[in-house]
Structures are given as C-alpha cells and as structure tokens.
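In what follows, a single structure is set out as structure tokens and then discussed.
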Amino acid sequence: MTIKKILVLHTGGTISMHEDQDGDVETGLENPLTGVKTTLPNVDLTVESIFNLPSEHIGPVHMLQLQRRILDAEDNFDGVVITHGTDTLEETSFFLDSTLSVDFPIVMTGAMRSSNELGSDGIYNYQSALRVAVNDGSRNRGVLVVMNDEIHAARFVTKTHTTNVATFGSPISGTMGLLTKRQVIYFYNLPHRHVLPITDVQKTIPVLKAYAGMDGQLLELLAASHIDGLVIEALGAGNLSREAATGVLYLLSRHIPVVIVSRSFNGVAEPVYDYLGGGVQLERDGAIFATSINGQKARLKLLIGLNNQLSDNDLYDYLHQL
Ligand code: ASP
Numbered sequence: 213m214t215i216k217k218i219l220v221l222h223t224g225g226t227i228s229m230h231e232d233q234d235g236d237v238e239t240g241l242e243n244p245l246t247g248v249k250t251t252l253p254n255v256d257l258t259v260e261s262i263f264n265l266p267s268e269h270i271g272p273v274h275m276l277q278l279q280r281r282i283l284d285a286e287d288n289f290d291g292v293v294i295t296h297g298t299d300t301l302e303e304t305s306f307f308l309d310s311t312l313s314v315d316f317p318i319v320m321t322g323a324m325r326s327s328n329e330l331g332s333d334g335i336y337n338y339q340s341a342l343r344v345a346v347n348d349g350s351r352n353r354g355v356l357v358v359m360n361d362e363i364h365a366a367r368f369v370t371k372t373h374t375t376n377v378a379t380f381g382s383p384i385s386g387t388m389g390l391l392t393k394r395q396v397i398y399f400y401n402l403p404h405r406h407v408l409p410i411t412d413v414q415k416t417i418p419v420l421k422a423y424a425g426m427d428g429q430l431l432e433l434l435a436a437s438h439i440d441g442l443v444i445e446a447l448g449a450g451n452l453s454r455e456a457a458t459g460v461l462y463l464l465s466r467h468i469p470v471v472i473v474s475r476s477f478n479g480v481a482e483p484v485y486d487y488l489g490g491g492v493q494l495e496r497d498g499a500i501f502a503t504s505i506n507g508q509k510a511r512l513k514l515l516i517g518l519n520n521q522l523s524d525n526d527l528y529d530y531l532h533q534l
C-alpha cells in the first residue's frame, strides 16, 4: 500500500473552536484538531497551525501566505488539507484555485458545530477531507471543498445556509462528488481552469449590491475615493437602475473597472436588455460581465487580474471566461 504524505494546515474557524458554559462559541488557546489522529491506514500527516483565526479575520494577505506554503510543499507532499472557518471558506478556496496550478489535491473543510457541541461535524468533515486528499481521483481537479459527505469545486461552491451542516452548495454546477462509506465518487470533470500568479494583494475593490431605486451618488463617492475597481451584484441577469447605470458610466470614464455579477443566487449574469441600465448597454459602455461567479469571488478575480496588469480586452476576457 502506498503511503500518502498529506500536509494539514489548520487556519481556525468553528471547526477549531468550542462552546463555553453560556453556549457561546469561541477560540481556545489550543486547537482541538491538533490532537486528532486519522483512522486512515495509508496516510502520513504533517500538521501545522498556520493561523488560529475566525474566518472573518482572514483576508487576501492570509490567502497569499497559504498559497506560498502550498507552493513550498509541492515537491514534498501528495496533497494538502486545509481546515477553515466556513464564513469565508469559499473565498480562500477560490483564491487558491485561481492562483495555484499544482496537480495534487488541495481539499478544504470546516464545521458548522464547534468541537464540544452535540452533533459536532468537525472531526467527521476533517476525516472526509483526508479521504478525498488521498484519493487518486482527486488529482488535477483544482481546489475542492468537502463538507457533509459532498465534494464541491472551489469555482462554484458557496455558503448557502447560516447554520445548517449542509450549508455548502454549488447552485450553478451541482455537487461535483460524494463520499459514501466506502467510496469517493466524482460525477463530472470541470471545464479548463485559468490560473494566474499573484504577488501582491493590496488593491481596494469594494462589492456593492444593487437594489430597486439605487441612485448613482454612492458610485460617484466611490470614484472620488480612489478605488482600483468595483464589483456590482446587479439585478437579475445583470441590470441596474438608470441612476446607478449613470454612476457606472462615471466610474468607467475615470478608468475604474466595473465588474457585473448577479445578486440572484443561481444562474449566470450576461447582457440581455438593451435600455439604460440594461446589461447590453452596461457592457457596451465598458462594464465587464463575470461568468458564473458571485460578488465575493468576482472581487478576488478582479484583484488577481489587476495584479497581473490586465486591462481593457485582456481584463474582460479573464473575468468573462469560465
Ligand atoms: N464564524 C465562523 C468562521 O467562519 C463560522 C464557521 O467556521 O463555521 O470562522
């Protein structure tokens, strides 16, 4: 039996927390996961607590640190498992997926119930992530998210529920795979992944959600505050009120890239309507439609694109491609 060398990187989150006497969940001095042994026979684990942070405290600087640690590990390990808070797990997984072209499995997991809560899902999800990481079928699939017996692709996964253990879903693509008691099963392969390097994450890119009656004032204020780009979660297939569309024009006239995604939970944003505020006119004016990703992921993709000095058509193509 081949022994697989797996690097485990704990970063914190509920999976590493516990409940106190009042039922409040907090981070302890010691991560309860560090003492957990795997029941898998063919694994040699190297365990590092790279951070011990709630995932709301994790940002692109931490993601870059994780990315570098994984690049360093490439020649010495057969896979990586990362435990992480679920609130921003989809962002860290997307960042790593978009910037790492390693072919070994990178599997992220977390928990919705902390270590001493009834029905705690942490150790179970951790063991599941290890099972996926040692599985040969998990190679060359980009970053995977494993929770609640399901395997999701970083590109499509999102947190769908505030508290349910079945919180992660891939509304556009569907679940990529399953864990049963004996097997790791994949249902499909992903379309080609476009990976770009990243060296610097210092850019100001806010995300705005559109709403009925949105005016353009906020957009003009943002233009004056020296942002590097803006992501708008637009209405439906990617439309805005007339006033917001005028604000977008103003941003574009100041050479600030504006990326359009949808505030709808499911589906792909694309230009359909040809009137002021409609997607066709927004695109004609220079706004970029990002395909199949939500606002938080589009923000990271724009950050990566700008870090690679992409502009105009190149930036459009990068954000628009799946
Ligand atoms: N607030 C927690 C975090 O993201 C939630 C979790 O881990 O499930 O760190």
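By our numbering, the letter at position 88 of the sequence shown is numbered 300, and the numbering carries on one by one without gaps.
For every residue, glycine included, the Cβ atom is placed at its ideal position computed from N, Cα and C.
The model shown is predicted, which means the values in this text are computed figures rather than measured ones.
{"Query": "Best match in R466, D529, A422 for proximity to S437 [C-alpha to C-alpha]", "Result": "R466"}
{"Query": "Of the listed residues F306, F501, A341, nearest to P317 (C-alpha basis)", "Result": "A341"}
{"Query": "N- and C-terminal bounds of the alpha helix (DSSP H) containing G507", "Result": "507-519"}
{"Query": "Local Cβ density within 10 Å of V484, reported as buried at 16 or more and exposed below that", "Result": "exposed"}
{"Query": "Start and end residues, beta strand (DSSP E) containing D440", "Result": "No beta strand (DSSP E) contains D440, which DSSP labels as neither H nor E."}
{"Query": "For Y398, the first and last residue of its enclosing beta strand (DSSP E)", "Result": "396-398"}
{"Query": "Straight-line gap, L431 to E445 (C-alpha atoms, nearest Å)", "Result": "13 angstroms"}
{"Query": "Helix, strand or coil at G389 according to DSSP, with G and I counted as helix", "Result": "strand"}
{"Query": "Backbone secondary structure at E260 - three-state DSSP", "Result": "strand"}
{"Query": "Backbone CA spacing between T411 and L330 [nearest angstrom]", "Result": "42 angstroms"}
{"Query": "Neighbour-count burial assignment, N469, 16 or more Cβ in a 10 Å radius", "Result": "For clarity, residue 469 is Pro in the given sequence; the question names Asn instead. So P469 counts as buried."}
{"Query": "Where the beta strand (DSSP E) through Q321 begins and ends", "Result": "Note that residue 321 is Thr in the sequence shown, not Gln. Its beta strand (DSSP E) spans residues 318-321."}
{"Query": "Whole runs of the alpha helix (DSSP H) within the stretch 298-355, excluding any shorter than 4 residues", "Result": "301-311, 334-346"}
{"Query": "Sufficient close CB pairs (3 or more, under 8 angstroms) joining the stretch 373-392 to the stretch 417-433", "Result": "no"}
{"Query": "From G490, D440, G349, P409, residue whose alpha carbon lies closest to that of K415", "Result": "D440"}
{"Query": "Cβ-based burial, F263 [other Cβ within 10 Å; buried from 16]", "Result": "buried"}
{"Query": "Cβ-based neighbour list, A378, same chain, cut-off 6 angstroms, excluding 5 preceding and 5 following", "Result": "N360"}
{"Query": "Check: A323 C-beta below 7 angstroms from any heavy atom of the ligand ASP", "Result": "yes"}
{"Query": "Three CB pairs or more closer than 8 angstroms across the stretch 479-493 and the stretch 267-275", "Result": "no"}
{"Query": "Buried versus exposed, by CB contacts within 10 Å (16 or more), I215", "Result": "exposed"}
{"Query": "Validate contact between the stretch 347-356 and the stretch 322-338 using beta carbons, cut 8 angstroms, 3 pairs", "Result": "no"}
{"Query": "At least three beta-carbon pairs within less than 8 angstroms, the stretch 310-326 to the stretch 219-236", "Result": "yes"}
{"Query": "Contiguous alpha helix (DSSP H) assignments of at least 4 residues, all confined to the stretch 414-493", "Result": "429-436, 454-465"}
{"Query": "N- and C-terminal bounds of the beta strand (DSSP E) containing M229", "Result": "229-231"}
{"Query": "Inter-residue spacing [alpha-carbon to alpha-carbon] between T374 and S313", "Result": "32 angstroms"}
{"Query": "Rounded C-alpha distance that separates I505 from S327", "Result": "32 angstroms"}
{"Query": "Distance CB(Y309)-CB(R367) smaller than 8 angstroms", "Result": "Reading off the sequence shown, one finds Asp at residue 309, where the question assumed Tyr. A contact, by the Cβ cut-off of 8 angstroms."}
{"Query": "Terminal residues of the beta strand (DSSP E) in which I363 lies", "Result": "362-365"}
{"Query": "Which residues DSSP lists as bridging E238, in chain order", "Result": "H230"}
{"Query": "Distance CB(G354)-CB(L283) smaller than 8 angstroms", "Result": "no"}
{"Query": "Reference G240, options V248, L463, D234, H230, closest by Cα", "Result": "H230"}
{"Query": "Other residues of its chain near L265: CB distance less than 6 angstroms, five sequence neighbours each side excluded", "Result": "G224"}
{"Query": "C-beta atoms of V369 and S305 nearer than 8 angstroms", "Result": "yes"}
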